[in-house]
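Trainee: Starting off with a structure, shown below.
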Amino acid sequence: MNLAQRIHETAITYGSKPAIVFENTSYSFSDIDQEIRRYTFLLNELGIKSGDRIALQLDKCMDFIFIHLANLSIGGITLPLNSDYKTEEVEYFLTDSGSSLFVTDSKRRAIHQSMLKKTGIKTALIDAGSDNDSICLPDLLEKIDTNIDLRNYPTKDDDVAIICYTSGTTGRSKGAMITHRNLISNMLDLKNIWQWTDNDKLLHILPLFHVHGLFIALQGSLNAGSTTIMLERFEPLRVWKTLVQEKCTMLMGVPTIYQRLVNELEQLPGKPDLSAMRVFISGSAPLSVNLFARFEKLTGLRILERYGMTETGMNTSNLFDPAGRKPGSVGFPLPGVSLRVVDDKGVDVAPGEVGEVILKGDNVFKGYWQMPDKTKSSFVDGWFYSGDLGYQDPNDDMRVYLSGRAKELIITGGYNVYPKEIETVLETHPTVKECAVIGLPDEDFGERVTAVAALKNASEAADPKEMITFCRDKLAAYKCPKSIHFIDNLPRNAMGKIQKNQLVEMYK
Ligand code: MCA
Ligand code: AMP
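For what it's worth, the numbering used here labels the leading residue of the sequence shown as -4, then goes sequentially.
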């Protein structure tokens, strides 16, 4: 089945019930369904056909949701892009994916202007301010005076619905092709395991351009027939107030969000009434045992941690029963997911021993867009190698713990940063000879992106601020080093490999 078709069917069931309340404007399930129908017509007018890719770079807004689901309804593929990506990053995603349409706003249109002209990609704006080179969607929508419904859901289960780009340990970012089957199977698993029903009210505070905010939170909520209270931005005090006022029952966040919520709550005079709250869910990065305990002490509630990846959606979850939410553990494989822990030869380790987590199931993606070799090397006998290290506790029903990463990856505030990408940019700085990018422990972001650089001319004075600005012109801000240290020579082992562990010890 097509994901949008499933959501259309839910919309018919729930009609006038509020589906999404975006910053105080309420949209019923019928409203959303009608908007998706209108946008489908519009995309058709713009020549979008089944299999075409539409890239979205937008602030969090309702148009994002309407265009995404309209696109799926006619067999299109959505490419959600981080709203902070810089022009060079966006250019790569648009051209690599061969997108037929780039939907953005006039602010970003102006920033990317020369790139969009150069690539010739058709651009549509969700706000006024169109020019000769772009299409104004509100103008077009106004002209649509039709009840025609063009939603034909032409896809098969294994057709691609969404391409999410993930950076890689080397070289180019890879577009993970996520199918309708992947989305729907995972969504149904989570609905069951989290006992998600139409009585729920989810407070949505995450960005819409990632798996967590789009697949798990938004699509999950629409599918369950529950109401989503959507805030444009995450602000801790507002979250506590909204949870109480709206009597929300669910919230999903990354550990940085929980860290900030706890800090805020510790300052508040009274404690919020969370009696309606069913579950706080955390994922995308490790939730520390300490944070779990602080949260429980303040609220009396135990955070439910789950583990996922862009390529696989959700893999494991703690149990819904609060006693089954164990700090430090990511829980058990979802019903539709098979999980093994293997050594570097792909042989299962003894229970309790650390190895690489490998995964199989309807949740596992189809492969990397136009990268058959990368796809092939990520799978062995149909098992996807996650790059995460973990173990299973034989004394607790093979409960899963993650203990590190085989891949070189920094997770900062729930966003992934691959050091190679930042090192490549920093090494184009005229004064830098070589550099290493590491993640240092950080109370707020979990890990803090930090660069250590050796200069071409060691006696020359270097300005770390200027170097950070240099990076920020080319890379989304969250990827850029928060600080830069200078060193005469980077430490290397006998094989010439940079000893990043040593650097972490030196600067943490
Ligand atoms: C913002 N900044 C960051 C980050 N976020 N720096 C490092 N890491 C970050 N994550 C910087 C900005 O560049 C800015 O810098 C300053 O912090 C304030 O920016 P602001 O926009 O106000 O930040 P914020 O609104 O406070 O955002 C923090 C946040 C956000 C709410 C934690 O990062 C966030 O929503 N993270 C969630 C990401 C997510 O959804 N991940 C799921 C991926 P300056 O002031 O210098 O300009 S999906 C996934 O991982 C898998 C599938 C899974 O399991 O879920
Ligand atoms: P992404 O590429 O953004 O999909 O990030 C996926 C990665 O986030 C996984 O491979 C893990 O390394 C990490 N991750 C997600 N959830 C958790 C969690 N609950 N605990 C630890 N790491 C996590």
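Cβ coordinates follow ideal geometry from the N, Cα and C atoms, glycine included. These numbers were taken from a predicted model, which means no experiment stands behind them.
#1: Kindly examine the ligand MCA and report whether one of its heavy atoms sits closer than 7 angstroms to the Cβ of F287.
#2: Under three-state DSSP, which class holds T419?
#3: Mind checking whether the beta-carbon of M(-4) lies closer than 7 angstroms to any heavy atom of the ligand MCA?
#4: Restricting to runs no shorter than 3 residues, where is the beta strand (DSSP E) found entirely within the stretch 403 to 486?
#5: Give every residue of the same chain whose Cβ lies closer than 8 angstroms to the Cβ of A288, excluding the five residues on either side of it in the sequence, and list them in chain order.
#6: Please report how far the alpha carbon of H480 lies from the alpha carbon of P425, in whole angstroms.
#7: Report the rounded CA-to-CA distance for K102 versus V344, giving the unit in angstroms.
#8: Can you look up K81 in the DSSP assignment and give me helix, strand or coil?
#9: Between Y29 and V359, what straight-line distance do the alpha-carbon atoms span, to the nearest angstrom?
#10: Could you tell me whether any non-hydrogen atom of the ligand MCA is closer than 7 angstroms to the CB of F440?
#11: Counting only the same chain and skipping the five closest in sequence on each side, list residues whose C-beta sits under 7 angstroms from that of F61.
#12: Evaluate the contact criterion for the stretch 413 to 429 versus the stretch 377 to 387: three or more CB pairs, one atom per stretch, below 8 angstroms.
#13: Using the Cα positions of I504 and V432, report the straight-line distance between them to the nearest angstrom.
#14: Among the residues of its own chain, which have a CB less than 6 angstroms from the CB of A472, if the five just before and after it don't count?
#15: Compare the C-alpha of I106 against each of T90, P264, V85, L89 and name the closest.
#16: Could you check if S478 belongs to the surroundings of the ligand MCA, using beta carbon to heavy atom distance under 7 angstroms?
#17: Cβ of S11 within 8 angstroms of Cβ of S25?
#18: Please list, in chain order, all residues of the same chain as Q214 whose beta carbon is under 8 angstroms from its beta carbon, the five residues on each side excluded.
#19: My guess is that L354 and T305 are in contact by the Cβ rule of under 8 angstroms, so how many angstroms apart are they, rounded?
#20: I need the straight-line Cα distance from I158 to A50, nearest angstrom please.
#21: To the nearest angstrom, how far is the alpha carbon of P434 from that of K113?
#22: Applying the 10 Å Cβ sphere with the 16-neighbour rule, what's the burial state of A156?
#23: At a cut of 8 angstroms, does the stretch 188 to 196 reach the stretch 368 to 377 through at least three beta carbon pairs?
#24: Quick one: residues in its chain with C-beta nearer than 6 angstroms to the C-beta of M393, no 5 flanking neighbours on either side, listed in chain order?
#25: In whole angstroms, what separates the C-alpha of W364 from that of T223?
#26: How far does the alpha helix (DSSP H) with V349 in it extend, from its first residue to its last?
#27: Take T174 as the anchor and find which of D54, V342, T73 has the nearest alpha-carbon.
#28: Please name the residue or residues paired with V523 in a DSSP beta bridge.
#29: Whole angstroms is fine: what's the gap from L217's alpha carbon to K460's?
#30: Who are the near neighbours of W235 in its chain, counting only those whose CB is closer than 8 angstroms to its CB and skipping five residues on each side?
#31: Specify the secondary structure class of D376 as computed by DSSP and reduced to three states.
#32: Does DSSP put A271 in a helix, a strand or coil?
#33: Measuring only the C-alpha atoms, how far is I143 from M172?
#34: Would you tell me roughly how many angstroms separate the C-alpha atoms of V239 and S277, rounded to the nearest one?
#35: Between the alpha carbons of E403 and L397, how many angstroms are there, rounded?
#36: Among all residues, which have a Cβ less than 6 angstroms from at least one non-hydrogen atom of the ligand MCA, and in what chain order do they fall?
Mentor: On the basis of the supplied data:
#1: no
#2: helix
#3: no
#4: 405 to 407, 410 to 412, 427 to 437, 441 to 450, 478 to 481
#5: P322
#6: 16 angstroms
#7: 52 angstroms
#8: coil
#9: Note that residue 29 is Gln in the sequence shown here, rather than Tyr. Distance between the alpha carbons of Q29 and V359 is about 32 angstroms.
#10: yes
#11: E30, I31, Y34
#12: no
#13: In the structure as shown, the chain begins at -4 and stops at 503. Residue 504 is therefore absent and cannot be evaluated.
#14: D79
#15: V85
#16: no
#17: yes
#18: L(-2), I2, L178, M182
#19: Their Cβ separation, rounded to whole angstroms, is 13 angstroms, which puts L354 and T305 out of contact at 8 angstroms.
#20: 9 angstroms
#21: Per the sequence presented here, residue 434 reads as Gly, with Pro not at that position. Cα to Cα, the separation comes out at about 36 angstroms.
#22: buried
#23: no
#24: Q387
#25: 32 angstroms
#26: Per DSSP, V349 belongs to no alpha helix (DSSP H) and is neither H nor E.
#27: T73
#28: Shown here, the chain extends from -4 to 503; a query on residue 523 therefore has no answer.
#29: 44 angstroms
#30: L256, E259, L260, L263, P267
#31: coil
#32: coil
#33: 31 angstroms
#34: 19 angstroms
#35: 15 angstroms
#36: L201, P202, H205, V206, H207, G208, R228, F229, V249, T251, I252, G278, S279, G303, M304, T305, T407, G408, G409, Y410, F440, A472, Y473
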